[in-house]
Amino acid sequence: MLLTHGSPNASDYEKSKWVYETLINRVDYVMEAPDNQNIISVFLNGQTVCQGYSAAACYLFDRLGIQSCIVPGYAEEGPHAWNLVLLDGQYYFMDITWGNTAYEDSTQDKRINYSSLNVTSEDIAGTHRIESSFPVPDCVAIDDNYYNQEGCYFVTFEPERMGKLIHNGYVNGTDVSIKCGNQETYDKMKKYFIDDTHFTDYCGGMRTLEYTMYPEDRIITFHFG
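In terms of our numbering, the sequence shown opens at residue 1 and continues consecutively.
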């Protein structure tokens, strides 16, 4: 599998997003994949598990001049691995396995879930437990978090701005994922766009909408792709 990164002038965030998206798009999660504990499974076979994803990410980050490491631990009561990455001088967690929507259900179409791209310790603590022999720094920055970088993070309910994002996704045929900084904003977004069907105001009057809710992360992804 040939992997190339287009721009040598890309920011740390752009590089991290490219690694995340590329590995999810080009590599399937397959529990029985051969060599699934190393990068052979990724770059030669295109099938891997969490350890393979994490090892491949470290390899790519090293080629891109970004420090990273594999974080061992548990998620959903089972052994798991994900990444710690240093972007613009600040630490973030990245879980490529959880970013693949086909991870838990291989029968569904693969989509990218951005809720695990460059997240804080608080974000990941509810589902992941670190079991490491080395100290892992506390991740508190949000500057290079996907939702912050893409203008999809809201701490107050802003229907027009949210609606514009939904409209752009509808016009361009791309998924739109919006994260709220608190429960009140999330509840208002859900009620306005889904329960009260105001998505129709921004989607050319379309009557049905495909979406996925991640209430524990206060995220709704609107599917147009």
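Glycine is no exception: its CB is placed at the ideal position from the N, C-alpha and C atoms.
Quick check: the Cα distance between residue i and residue j, rounded to an integer number of angstroms?
i, j, result
"Asn168", "Ser132", "42 Å"
"Gln90", "Phe199", "36 Å"
"Asp288", "Asn36", "As displayed, the chain neither begins before 1 nor continues past 225, which places residue 288 out of reach and without an answer."
"Pro135", "Val71", "10 Å"
"Ala81", "Arg129", "10 Å"
"Tyr103", "Thr97", "7 Å"
"Thr197", "Asn113", "23 Å"
"Ala165", "Tyr13", "Reading off the sequence shown, one finds Leu at residue 165, where the question assumed Ala. Straight-line Cα distance between these residues: approximately 20 Å."
"Asp195", "Ala55", "42 Å"
Kindly indicate which residue of the options has the alpha-carbon position closest to the one of residue i.
i, options, result
"Lys179", "Ile194, Gly163, Tyr214 and Met206", "Tyr214"
"Ala33", "Tyr53, Val49 and Ile142", "Val49"
"Ile40", "Asn182, Thr22 and Gly52", "Gly52"
"Ser11", "Gly151, Ala57 and Gly65", "Gly65"
"Gly78", "Ile166, Thr127 and Ile24", "Thr127"
"Asn182", "Glu76, Arg26 and Arg218", "Arg218"
"Asp123", "Asp138, Asp109, Val176 and Lys110", "Asp138"
"Gln47", "Ser177, Gly205 and Ile24", "Ile24"
"Phe61", "Ala75, Leu84 and Ser121", "Leu84"
"Glu210", "Glu150, Leu44 and Arg111", "Arg111"
"Tyr74", "Asn9, Glu150, Gln108 and Ala125", "Ala125"
Once you ignore the five residues that flank residue i on each side, which residues in its own chain have a CB closer than 8 Å to its CB?
i, result
"Leu117", "Ser16, Lys17, Tyr20, Met94, Gly99, Asn145 and Tyr146"
"Phe154", "Arg161, Met162, Ile178, Lys179, Cys180, Gly181, Thr185 and Met189"
Report back the beta-carbon spacing between residue i and residue j to the nearest angstrom; my notes put them in contact at under 8 Å.
i, j, result
"Ile220", "Lys190", "6 Å"
"Tyr92", "Ala141", "7 Å"
What residues in its chain sit with their C-beta under 6 Å from that of residue i, if we drop five residues either side in the sequence?
i, result
"Gln67", "Leu86"
"Phe193", "Phe199"
"Val176", "Leu165, Ile166, Gly169 and Phe222"
Spatial neighbours of residue i within its chain, please: CB distance less than 7 Å, with the 5 preceding and 5 following residues excluded, ordered by chain position.
i, result
"Thr174", "Phe224 and Gly225"
"Cys152", "Leu165, Ser177, Ile178 and Lys179"
"Phe157", "Thr185, Lys188 and Met189"
"Asp88", "Asp12, Asp143 and Asp144"
Alpha helix (DSSP H) runs contained entirely in the stretch 21-63, provided each spans 4 or more residues = Taken in chain order, the complete alpha helix (DSSP H) segments of 4 or more residues contained in the stretch 21-63 are 50-63.
Counting only runs that start and end within the stretch 123-190, where is the beta strand (DSSP E) found for 3 or more residues in a row?
-> You should have 128-130 and 176-180.
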